[in-house]
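In my numbering, the protein residues as written are 4 to 262.
1) With H, G and I counted as helix, E and B as strand and the rest as coil, what does DSSP make of residue 240?
2) Can you tell me which of 115, 121, 101 and 35 puts its alpha carbon nearest to the alpha carbon of residue 108?
3) Suppose the cutoff is 7 Å on Cβ atoms and the five residues either side in sequence are ignored; what does the same chain contact list for residue 80 look like?
4) For residue 67, which of helix, strand or coil comes out of DSSP?
5) How far does the beta strand (DSSP E) with residue 122 in it reach, from first residue to last?
6) Below 6 Å CB to CB, which residues in the same chain sit around residue 248 once its five sequence neighbours on both sides are set aside?
7) With residue 222 as the anchor, note down where its alpha helix (DSSP H) starts and where it stops.
8) Can you give the beta carbon distance from residue 83 to residue 93, rounded, assuming they're within the 8 Å contact cut?
9) Between the Cα of residue 70 and the Cα atoms of 202, 46, 54 and 190, which residue gives the shortest distance?
10) Give me, in chain order, the residues of the same chain whose beta-carbon lies closer than 8 Å to that of residue 235; leave out the 5 immediate sequence neighbours on both sides.
11) Taking the beta carbon of residue 159 as the centre, do at least 16 other beta carbons fall within 10 Å, making it buried, or is it exposed?
12) With DSSP as the reference, label residue 27 as helix, strand or coil.
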């Protein structure tokens, strides 16, 4: 009886041990088997037996992570249990070779408490002699680049920034031009509708605002200033004085009439 009990326990232990003998394969499914360091490729990952495991957990353990020490899983495109064998998890991924290797037949992936041996198929890793240190620019997209690619991205970003800056500069100039036109139109309207002493003197008081619109002091403007200066402090203007001031004013008003 004791021997039978030991035999049953031994059989159960062996069965239990075998149930956790999980293994896997990483199979390059691109047409080109020669993969350069930093180059991406499409692959199929098979892991078995994984009947009771969550596909979402396996996906989270793969996507955006280093895999088997030599690969980076940029994207898990789909993951499911095999239609032919429900013990097998099949994941189609976009992977990147981060480091070339030689003479290696067994690769290890640690998942939870499992140490899973992997076989890598259809990959001939090629060393990138130009650059050994690769930069993961975007782990979500799995974008890895060497110095040439990085320079291309940098130039692209600079061009985008320059375009943005140039666009803002053009927009600012256009807005300034529109605002200048509005100010010019307001002064033009004021000049066209002013015909008395009070209005002319108000325009004279604000000469620093409209002079820059007409290009500064021209001979007609200087004459207007002189005529107005000679009489503006008098309480009353004679008809001749008023005529001279308004005549000089008409000359500069013509600047706005012609625009």
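Beta carbons are placed, not taken as given, at the ideal position from N, Cα and C, and that holds for glycine.
With the structure as the only source:
1) Here residue 240 corresponds to residue number 237 of the chain shown, with the count starting at 1. The answer is coil: DSSP assigns residue 240 none of H, G, I, E or B.
2) If you number the chain shown from 1, residue 108 lands on position 105. Selected option, being the one with the closest Cα: 121.
3) For the purposes of this step, residue 80 is taken as the residue at position 77 of the chain shown. Closer than 7 Å at Cβ, skipping near neighbours: 95, 96 and 97.
4) Looking up residue 67 in the chain shown gives position 64. Coil at residue 67, not helix or strand.
5) In the chain shown, counting from the first residue as 1, residue 122 sits at position 119. Taken as a continuous stretch (DSSP letters only), the beta strand (DSSP E) holding residue 122 covers 117-124.
6) Your numbering for residue 248 matches position 245 in the chain shown. Same-chain partners within the cutoff: 230 and 231.
7) The residue labelled residue 222 in the question sits at position 219 within the chain shown. Looking at the DSSP string, the run of the alpha helix (DSSP H) that includes residue 222 is 222-232.
8) Along the chain shown, read from residue 1 onward, the residue named residue 83 stands at position 80. Along the chain shown, read from residue 1 onward, the residue named residue 93 stands at position 90. The Cβ separation is near 6 Å, so the contact holds.
9) In the chain shown, residue 70 corresponds to position 67, counting from 1. Among 202, 46, 54 and 190, the Cα nearest to that of residue 70 belongs to 46.
10) Taking the first residue of the chain shown as position 1, residue 235 is located at position 232. Excluding positions up to five away in sequence, the list reads 204 and 207.
11) As a position in the chain shown, residue 159 is number 156, starting the count at 1. Residue 159 should be labelled exposed.
12) For the purposes of this step, residue 27 is taken as residue 24 along the chain shown, with counting starting at 1. Strand at residue 27.
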